[in-house]
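Peer 1: Residue numbers for the sequence shown, in the numbering used here: 452 to 794.
The beta carbon of each residue, even a glycine, is placed where N, CA and C say it ideally should be.
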Amino acid sequence: MKEKERATKTMKHTITLIPGDGIGPEITSAAVRAIEATGVEIEWETQFGGAQALEKFGSTLPDELIDSIKRNKVALKGPMTTPVGKGFTSVNVGLRKALDLYANVRPIKALPNVECRYPELDLVVMRENTESLYAGLEHVVVPGVVESLKIITEKASTRIARYAFEFAVREGRKKATAMHKANIMKLSDGLFLDCFYKVAEDFPEIEADDKIIDNACMQLVMRPEQFDVIVMENLYGDIVSDLCAGLIGGLGLAPGANIGEEAATFEAVHGSAPDIAGQGIANPTAIMLSGVMMLRHLGEMDAADRMTKAMHDVFREGNIRTPDLGGKASTAEFATAVIEKIG
Ligand code: NAI
Ligand code: MG
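This is the structure we're talking about:
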């Protein structure tokens, strides 16, 4: 399609852009450049959150940021650092809760010609995003004894299971597996599992099964191809996401979306990587692929396809890749190579 025809097919979107902390500004700028190269018209509304916002605005999660996402309904988000110390609850968890972004969708798909343990792998981590131990309800019972509350509700467990099965149908997937520890946490994980199987009854075309989480981790490392959509409460989903990123070549490659009824944010699985921040060497692939997920969410399928193809072409050619994949290219050089392919 010619550039001009393409432009007439898209409408202008206003999107909240959160550069974030650490490598965040470097990788989000790479993603923004590539997204803009597709010709989709976007007005970015830049907002600050995390450690950076604390310095500027005295809050890790300013109201302006929340209001901007509520207004625009879509955000592209860099990683945010939660300052260490008492009194700071996780800024990322806080944002997901504030917007009720209950479904964390993390596709784990190997990229062409990228050396990794499972080059054929293609599964999706579906993580409940609003409760479990991440409710942050902790207190000191007596000095030397603390209690951390794991909250599991029928409502949230049913909602994530339904999202997972509907996703499986929509995406032509065959199977959904719940991962849990219901043998030990009979009430909490037991409820999560019950809700999963209850929802499964409405989707006879999708095979449903479950695995205890410790065995599931071993199975994921040894035979991950047996899984398709995997569904978990918050803590297991957090840990298993990073494990799965390792199966396809590392954290630099795993994208994600946080989906709610009213809004959605798109961000990589990884964090702000302070160990490599400011060096211009972070791999922007994960946030760029999150950008592709965002384009699909916006209905910009053609742009999403072209950006994906351009990234795949760069990987296939293999000479431009960031140091985490054994290459010498900078974050910006990788983005430029992708943009040249988008044409
Ligand atoms: P991390 O994910 O930032 O880094 C883990 C390791 O992976 C590091 O060695 C890092 O250099 C590497 N890595 C991560 N992303 C990479 C990329 N794009 N390219 C190349 N290498 C990459 O995890 P860490 O160090 O435990 O957390 C750092 C900070 O990030 C913490 O403050 C944490 O709270 C925050 N965090 C934020 C998240 C978010 O905003 N959604 C998610 C996870 C952590
Ligand atoms: Mg994590």
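I believe Gly-731 touches Glu-477 by the beta-carbon criterion, under 8 Å. Please report the beta-carbon distance rounded to the nearest angstrom.
Peer 2: Residue 731 sits at position 280 when you count from the first residue of the sequence shown. Residue 477 sits at position 26 when you count from the first residue of the sequence shown. With a Cβ gap of about 6 Å, Gly-731 and Glu-477 count as contacting.
Peer 1: Can you tell me whether DSSP reads Ile-486 as helix, strand or coil?
Peer 2: Here residue 486 is taken as the residue at index 35 of the sequence shown, counted from 1. Residue state, collapsed to three classes: helix.
Peer 1: Sort out for me which residues DSSP pairs Met-577 with in a bridge.
Peer 2: As a position in the sequence shown, residue 577 is number 126, starting the count at 1. Answer is Val-556, Val-682, bridged to Met-577.
Peer 1: Three-state secondary structure (DSSP) at Pro-606?
Peer 2: Along the sequence shown, one-based indexing puts residue 606 at 155. The amino acid occupying residue 606 in the given sequence is Lys; Pro does not appear at that position. If DSSP states are grouped into helix, strand and coil, Lys-606 belongs with the helices.
Peer 1: Using the Cα positions of Met-452 and Glu-496, report the straight-line distance between them to the nearest angstrom.
Peer 2: Numbered from 1 along the sequence shown, position 1 holds the residue referred to as residue 452. Numbered from 1 along the sequence shown, position 45 holds the residue referred to as residue 496. Only weak support is given to the placement of Met-452: the predicted model assigns it a pLDDT of 44, under 50, and the question is left unresolved by the model.
Peer 1: Nearest to Pro-530 by CA position, among Leu-686, Val-483, Val-542, is which residue?
Peer 2: Here residue 530 corresponds to residue number 79 of the sequence shown, with the count starting at 1. If we check each option's Cα against that of Pro-530, Val-542 comes out closest.
Peer 1: Would you kindly check if the distance between the Cβ of Tyr-553 and the Cβ of Leu-686 is under 8 Å?
Peer 2: Looking up residue 686 in the sequence shown gives position 235. Looking up residue 553 in the sequence shown gives position 102. In this structure, Tyr-553 does not lie closer than 8 Å to Leu-686 by Cβ.
Peer 1: If Val-575 and Val-691 are in contact, beta carbons under 8 Å, what's the gap, nearest whole angstrom?
Peer 2: As a position in the sequence shown, residue 575 is number 124, starting the count at 1. As a position in the sequence shown, residue 691 is number 240, starting the count at 1. Wrong, their Cβ atoms sit about 12 Å apart, outside the cutoff.
Peer 1: Between the Cα of Ile-603 and those of Leu-572, Lys-637, Glu-622, Lys-625, spot the shortest distance and give me the residue it belongs to.
Peer 2: Looking up residue 603 in the sequence shown gives position 152. Out of Leu-572, Lys-637, Glu-622, Lys-625, Lys-637 has the C-alpha closest to the C-alpha of Ile-603.
Peer 1: Among His-748, Glu-751, Ala-733, Ala-755, which has the Cα closest to the Cα of Ala-786?
Peer 2: Position 335 of the sequence shown, counting from 1, holds the residue named residue 786. Nearest of His-748, Glu-751, Ala-733, Ala-755 to Ala-786, Cα basis: Ala-733.
Peer 1: For Glu-589, which of helix, strand or coil comes out of DSSP?
Peer 2: Taking the sequence shown and counting its residues from 1, the one referred to as residue 589 is at position 138. Correct three-state label for Glu-589: strand.
Peer 1: Quick one: what's got a C-beta closer than 6 Å to Ala-783's C-beta in the same chain, skipping five residues either side?
Peer 2: Position 332 of the sequence shown, counted from the start, is the residue given in the question as residue 783. Here the set comprises nothing.
Peer 1: Indicate, with yes or no, if the ligand NAI has a heavy atom lying under 7 Å from the CB of Asp-726.
Peer 2: The residue you call residue 726 lines up with position 275 of the sequence shown. For the ligand NAI, at least one heavy atom lies less than 7 Å from the Cβ of Asp-726.
Peer 1: So, are the CB atoms of Asn-580 and Asn-709 less than 8 Å apart?
Peer 2: Within the sequence shown, residue 580 is the residue found at index 129, counting from 1. Within the sequence shown, residue 709 is the residue found at index 258, counting from 1. Yes; because the gap between Cβ atoms is below 8 Å, this pair is in contact.
Peer 1: To which residues of the same chain is Thr-459 closer than 8 Å at the C-beta, ignoring the five residues directly before and after it?
Peer 2: Position 8 of the sequence shown, counting from 1, holds the residue named residue 459. Only weak support exists for where Thr-459 lies, its pLDDT of 44 falling under 50; the coordinates are left without a value.
Peer 1: Tell me whether Asp-726 is buried or exposed, calling it buried when 16 or more other Cβ atoms sit within 10 Å of its Cβ.
Peer 2: Working through the sequence shown from its first residue, we reach residue 726 at position 275. Exposed, by the Cβ-count rule.
Peer 1: If you run the structure through DSSP and keep just helix, strand and coil, what is Met-630?
Peer 2: For the purposes of this step, residue 630 is identified with residue 179 of the sequence shown, where counting begins at 1. If DSSP states are grouped into helix, strand and coil, Met-630 belongs with the strands.
Peer 1: Give me the Cα-Cα distance between Phe-654 and Asn-634, rounded to the nearest whole angstrom.
Peer 2: Looking up residue 654 in the sequence shown gives position 203. Looking up residue 634 in the sequence shown gives position 183. Going from the Cα of Phe-654 to the Cα of Asn-634 covers about 25 Å.
Peer 1: Should Val-682 and Ala-612 be called a contact, given that it needs their Cβ atoms to be closer than 8 Å?
Peer 2: Counting from one through the sequence shown, the residue named residue 682 turns up at place 231. Counting from one through the sequence shown, the residue named residue 612 turns up at place 161. Cβ atoms of Val-682 and Ala-612: closer than 8 Å.
Peer 1: Unbroken beta strand (DSSP E) runs of length 3 or more, entirely within the region 485-553: which are they?
Peer 2: 493-497, 525-528
Peer 1: Buried or exposed for Glu-454, please, with buried defined as at least 16 other CB atoms from any protein chain shown within 10 angstroms of its CB.
Peer 2: Stepping through the sequence shown from its first residue, residue 454 is reached at position 3. Any reading at Glu-454 must be qualified, since the residue scores a pLDDT of 49, below 50, and its modelled position is unreliable; the value itself is stated next. Under this definition Glu-454 is an exposed residue.
Peer 1: Let me check understanding here. Comparing Cα to Cα, which of Asp-764, Lys-560, Lys-601 lies closest to Phe-632?
Peer 2: Your numbering for residue 632 matches position 181 in the sequence shown. It is worth fixing the name first, because residue 632 is Lys in this sequence and not Phe. Of Asp-764, Lys-560, Lys-601, the residue nearest in Cα terms is Lys-601.
Peer 1: Determine the DSSP secondary structure at Leu-468, reduced to helix, strand or coil.
Peer 2: Locating residue 468 in the sequence shown gives position 17, where the first residue counts as 1. Three-state DSSP puts Leu-468 in a strand.
Peer 1: For Ala-619, I'd like the list of residues in its chain whose CB is within less than 6 Å of its CB, leaving aside the five on either flank, ordered along the chain.
Peer 2: Against the sequence shown, residue 619 aligns to sequence position 168. Take Ala-619, set aside five residues on each side of it, and the residues of its chain with a beta-carbon closer than 6 Å to its own are Ala-627, Ile-657, Val-680, in chain order.
Peer 1: What do you reckon, are the CB atoms on Ser-781 and Gly-471 nearer than 8 Å?
Peer 2: The count along the sequence shown starts at 1 and reaches residue 781 at position 330. The count along the sequence shown starts at 1 and reaches residue 471 at position 20. It is not a contact, given that the beta carbons lie outside the stated cut-off.
Peer 1: List the endpoints of the continuous alpha helix (DSSP H) containing Ala-733.
Peer 2: Within the sequence shown, the letter at position 282 stands for residue 733. Segment: none, Ala-733 is in no alpha helix (DSSP H) and carries neither H nor E.
Peer 1: For Val-720, verify whether its CB is less than 7 Å away from any heavy atom of the ligand MG.
Peer 2: The residue given as residue 720 occupies position 269 in the sequence shown. Yes, Cβ of Val-720 sits closer than 7 Å to a heavy atom of the ligand MG.
Peer 1: Please identify the residue among Gly-750, Val-743, Pro-774 whose C-alpha is closest to the C-alpha of Ala-488.
Peer 2: Walking along the sequence shown from the start, residue 488 turns up at place 37. Nearest C-alpha to Ala-488: Val-743.
Peer 1: Would you mind sorting Phe-678 into buried or exposed? The rule is 16 or more other CB atoms within 10 Å of its CB.
Peer 2: Position 227 of the sequence shown holds residue 678. Buried is the call here.
Peer 1: Just how far apart, CA to CA, sit Ile-699 and Val-565?
Peer 2: For the purposes of this step, residue 699 is taken as residue 248 along the sequence shown, with counting starting at 1. For the purposes of this step, residue 565 is taken as residue 114 along the sequence shown, with counting starting at 1. Those two C-alpha atoms are separated by around 8 Å.
Peer 1: I need the DSSP call for Asp-661, collapsed to helix, strand or coil.
Peer 2: In the sequence shown, residue 661 corresponds to position 210, counting from 1. When secondary structure is reduced to three states using DSSP, Asp-661 falls in the strand class.
Peer 1: Taking the Cβ atom as the reference point for each residue, do Val-720 and Ala-696 lie within a distance shorter than 8 Å?
Peer 2: Within the sequence shown, residue 720 is the residue found at index 269, counting from 1. Within the sequence shown, residue 696 is the residue found at index 245, counting from 1. Yes; because the gap between Cβ atoms is below 8 Å, this pair is in contact.
Peer 1: Can you pull the DSSP bridge partners for Glu-712?
Peer 2: Within the sequence shown, numbered from 1, the residue matching residue 712 stands at position 261. For Glu-712, which the question treats as bridged, DSSP gives no partner whatsoever.
Peer 1: According to DSSP, is Val-565 helix, strand or coil?
Peer 2: As a working mapping, residue 565 is identified with position 114 in the sequence shown. Val-565 falls in the coil class under three-state DSSP.
Peer 1: My output table needs one value for Tyr-687: the three-state DSSP class, helix, strand or coil.
Peer 2: Here residue 687 is taken as the residue at index 236 of the sequence shown, counted from 1. Residue state, collapsed to three classes: helix.
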